[in-house]
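Residue numbers (my numbering): 51 to 110.
Each remark here refers to the structure printed beneath this line.
In structure tokens form, the structure reads like this:
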């Protein structure tokens with residue numbers, strides 16, 4: 051289904067008004083796609099390490 055011109059303009063306005071939210075959504079999507087489609091065992095172990103480090107940072 052095609053997106054109307056009004057919706058396209060609204061999307062651009064939202065992206066300009068909320069760059070941090072848009073960036074976070076993009077990072078999350080890219081990470082998920084990499085993990086689900088491309089990551090090998092070594093990549094997954096590295097992600098697990100990074101997740102543990104980040105969890106420790108958030109709890110301290």
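Ideal Cβ placement from N, Cα and C applies to all residues, glycine included.
Element boundaries [alpha helix (DSSP H), containing residue i]
i, result
"residue 53", "That residue, residue 53, is in no alpha helix (DSSP H); it is neither H nor E in DSSP."
"residue 88", "Per DSSP, residue 88 belongs to no alpha helix (DSSP H) and is neither H nor E."
Cut-off 7 Å between Cβ atoms - residues of its own chain near residue i, not counting five sequence neighbours on either side
i, result
"residue 31", "Residue 31 lies beyond the residue range present for the chain, which begins at 51 and ends at 110; the question has no answer from this structure."
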